[in-house]
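What follows is one structure encoded as structure tokens, with my remarks underneath.
Written as structure tokens, this is what we have:
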């Protein structure tokens with residue numbers, strides 16, 4: 001019987017062959033005589049206490065073996081294609097507190113790897129392979145600026161260690177999803193979409209933002225088996241919707257939804273390590289005002305333009321500008337802006353109203369790796385420098401499409417004080433939107449051979465949202 005992992009009945013069964021295929025893809029890029037060694041994540045304590053954060057496995061380690069326990073190592077012998085998992089040798093006393101300890105044979109069966117040993121045997125087993133090179137992984141994350149943790153163990157200095165070859169190869173492989181990975185992404189996006197729809201039914205003036213967040217968390221976990229979300233939930237209402245990374249410790253989704261507020265709820269579940277990232281924007285009371293409809297449809301036009309035009313061979317930078325043009329044109333027709341749209345873009349009006357990039361790669365990391373690898377187009381100058389990748393689209397890439405329009409006082413003040421920018425704004429009209437917040441529409445999409453497959457299934461038009469939310473009284 002094939003090895004699978006799931007959270008139980010009703011949740012997706014993830015085949016361990018997904019990770020076997022990833023290992024084969026990796027081995028095909030390497031040379032006989034090389035041995036890959038990766039170190040998994042460790043349990044992290046709450047400061048000096050004996051309480052741990054709920055463990056989440058490191059993404060590169062997940063990609064190669066799918067192992068969910070902390071404190072492990074993984075090796076791949078390129079010559080033999082054999083996979084080796086090394087697990088901690090835990091004291092028997094742990095069974096009193098942690099339950100029955102898995103044997104090496106059980107780990108081997110669960111994760112469909114060739115051999116399982118204890119971590120204290122790592123050095124001996126690697127020595128027996130007699131590798132020409134030991135490939136470790138380390139490299140920069142171009143979103144965070146942090147560096148992937150390189151494997152380390154006692155005696156590693158006895159090997160010919162190469163820490164440059166592996167990182168760009170695995171990072172590039174992670175950009176392109178296998179059919180098995182795509183199925184997991186379809187699942188977690190469907191669960192997250194359904195959770196957003198539940199929040200839309202629940203939301204109404206008088207509730208707290210965090211109460212809406214709790215509905216999302218409940219559905220993802222209780223129905224979808226997603227123990228984790230992919231990032232801190234952003235549940236901004238009113239002016240908070242203009243805070244791009246709202247929901248942090250100093251602003252914990254604690255405002256009360258008010259009649260007339262727009263809500264911007266950016267949340268995504270995580271299943272088997274794979275991330276969803278979906279944003280829905282709608283009025284707290286379920287009915288758009290004319291101004292809310294104007295801004296929302298400007299952003300929706302931007303989203304629709306990218307959905308129509310994205311396909312293999314298209315530059316992501318061009319898609320960003322396509323979205324900007326559609327949004328600015330709609331805002332011009334709505335009386336907020338004036339002048340030529342191309343002039344607006346050349347002078348940076350688009351970056352005042354949407355200071356972030358169009359979207360990002362997504363997979364095992366919500367901001368997935370591979371955006372600016374050495375062989376890829378470099379980060380652009382100017383406002384386009386906010387883009388998390390400037391790559392040409394290719395089939396089996398998964399990305400977010402997330403245009404937005406925000407009324408951020410700091411940026412509006414800057415534009416109003418700059419004659420080169422100020423001339424494009426009808427300030428009496430624009431200033432009336434201060435305090436409005438913002439709108440973002442974010443879908444997770446798969447690039448196919450001839451376009452995109454949208455993995456996000458939520459109400460998107462004004463009519464669809466109003467029709468869905470009017471059923472909120474029936475929320476259970």
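In the UniProt record's numbering, the protein residues as written are 1 to 476.
Heads up, the beta-carbon is just placed ideally off N, CA and C, and yes, glycines get one too.
Bear in mind that the values here come from a model prediction, so they are computed numbers and not experimental data.
List the whole-angstrom C-beta distance separating residue i from residue j, where the pair is believed to meet the contact cut-off of C-beta under 8 Å.
| i | j | result |
| --- | --- | --- |
| residue 434 | residue 450 | In fact, because the Cβ distance is near 43 Å, the residues do not count as touching under 8 Å. |
| residue 320 | residue 357 | 6 Å |
| residue 170 | residue 84 | Going by Cβ atoms, the distance from residue 170 to residue 84 rounds to 17 Å, so no, they are not a contact pair. |
| residue 82 | residue 115 | 7 Å |
| residue 331 | residue 62 | Incorrect: roughly 42 Å between the Cβ atoms, too far for contact. |
| residue 87 | residue 118 | 6 Å |
| residue 27 | residue 90 | With 8 Å as the limit, residue 27 and residue 90 do not qualify as a contact, their Cβ atoms being about 30 Å apart. |
| residue 361 | residue 341 | Wrong, their Cβ atoms sit about 28 Å apart, outside the cutoff. |
Excluding the 5 residues flanking residue i on each side, which residues of the same chain have their C-beta closer than 7 Å to its C-beta?
| i | result |
| --- | --- |
| residue 154 | 123 |
| residue 380 | 317, 387 and 390 |
| residue 156 | none |
| residue 385 | 379 |
| residue 199 | 212, 215, 216 and 265 |
| residue 438 | 241, 242, 264, 404, 405, 406 and 407 |
| residue 32 | 78 and 79 |
| residue 107 | 85, 87 and 116 |
In whole angstroms, what separates the C-alpha of residue i from that of residue j?
| i | j | result |
| --- | --- | --- |
| residue 476 | residue 349 | Here residue 476 scores only 44 on pLDDT, less than 50, and its place in the model is too uncertain to base an answer on. |
| residue 21 | residue 79 | 16 Å |
| residue 421 | residue 347 | 7 Å |
| residue 2 | residue 69 | 20 Å |
| residue 315 | residue 251 | 36 Å |
| residue 299 | residue 125 | 56 Å |
| residue 229 | residue 383 | 30 Å |
| residue 113 | residue 294 | 55 Å |
| residue 204 | residue 471 | 12 Å |
| residue 120 | residue 302 | 55 Å |
| residue 4 | residue 225 | 15 Å |
| residue 142 | residue 92 | 42 Å |
| residue 94 | residue 101 | 8 Å |
| residue 235 | residue 128 | 53 Å |
| residue 442 | residue 232 | 16 Å |
| residue 6 | residue 140 | 32 Å |
| residue 469 | residue 337 | 31 Å |
| residue 304 | residue 440 | 13 Å |
| residue 423 | residue 333 | 16 Å |
| residue 138 | residue 377 | 21 Å |
| residue 173 | residue 181 | 12 Å |
| residue 478 | residue 283 | With the chain running from 1 to 476 in the structure shown, residue 478 is simply not present. |
| residue 110 | residue 99 | 17 Å |
| residue 431 | residue 414 | 13 Å |
With a 10 Å radius around its C-beta and 16 neighbouring C-beta atoms as the bar for buried, classify residue i as buried or exposed.
| i | result |
| --- | --- |
| residue 177 | buried |
| residue 66 | buried |
| residue 273 | buried |
| residue 343 | exposed |
| residue 179 | exposed |
| residue 419 | exposed |
| residue 262 | buried |
| residue 259 | exposed |
| residue 46 | exposed |
| residue 367 | buried |
| residue 43 | exposed |
| residue 24 | exposed |
| residue 8 | exposed |
| residue 270 | buried |
| residue 324 | buried |
| residue 193 | buried |
Counting only the same chain and skipping the five closest in sequence on each side, list residues whose C-beta sits under 8 Å from that of residue i.
| i | result |
| --- | --- |
| residue 445 | 307, 310, 398, 399, 400, 401, 452, 453, 454, 455 and 456 |
| residue 196 | 216, 265, 267, 278, 280 and 458 |
| residue 64 | 19, 22, 23, 26, 36, 38, 74, 76 and 170 |
Spatial neighbours of residue i within its chain, please: CB distance less than 6 Å, with the 5 preceding and 5 following residues excluded, ordered by chain position.
| i | result |
| --- | --- |
| residue 447 | 393, 395 and 397 |
| residue 411 | 352 |
| residue 34 | 78, 133 and 135 |
| residue 29 | 169 |
Tell me whether residue i, by its Cβ, gets closer than 7 Å to a heavy atom of the ligand PLP.
| i | result |
| --- | --- |
| residue 467 | Ligands displayed in this structure: none; no statement on the ligand PLP is therefore possible. |
Is the number of C-beta pairs between the stretch 234-248 and the stretch 182-197 that are closer than 8 Å three or more? no
Counting Cβ pairs, one atom from each stretch, are 3 or more of them under 8 Å apart for the stretch 153-170 and the stretch 423-439? Short answer: they don't touch.
Is the stretch 125-136 in contact with the stretch 154-161, if contact means three or more CB pairs nearer than 8 Å? yes
Do the stretch 252-265 and the stretch 197-214 touch if we need at least three Cβ pairs shorter than 8 Å? yes
The stretch 287-301 contacting the stretch 461-469, beta-carbon criterion three pairs below 8 Å: yes
I'd like to know if the stretch 44-61 and the stretch 8-18 are in contact, where contact means that at least 3 CB-CB pairs between them fall below 8 Å. When Cβ pairs closer than 8 Å are counted between the two stretches, the stretch 44-61 is seen not to touch the stretch 8-18, the count staying below three.
Report yes or no: do three or more beta-carbon pairs, one from the stretch 34-43 and one from the stretch 134-149, lie closer than 8 Å? yes
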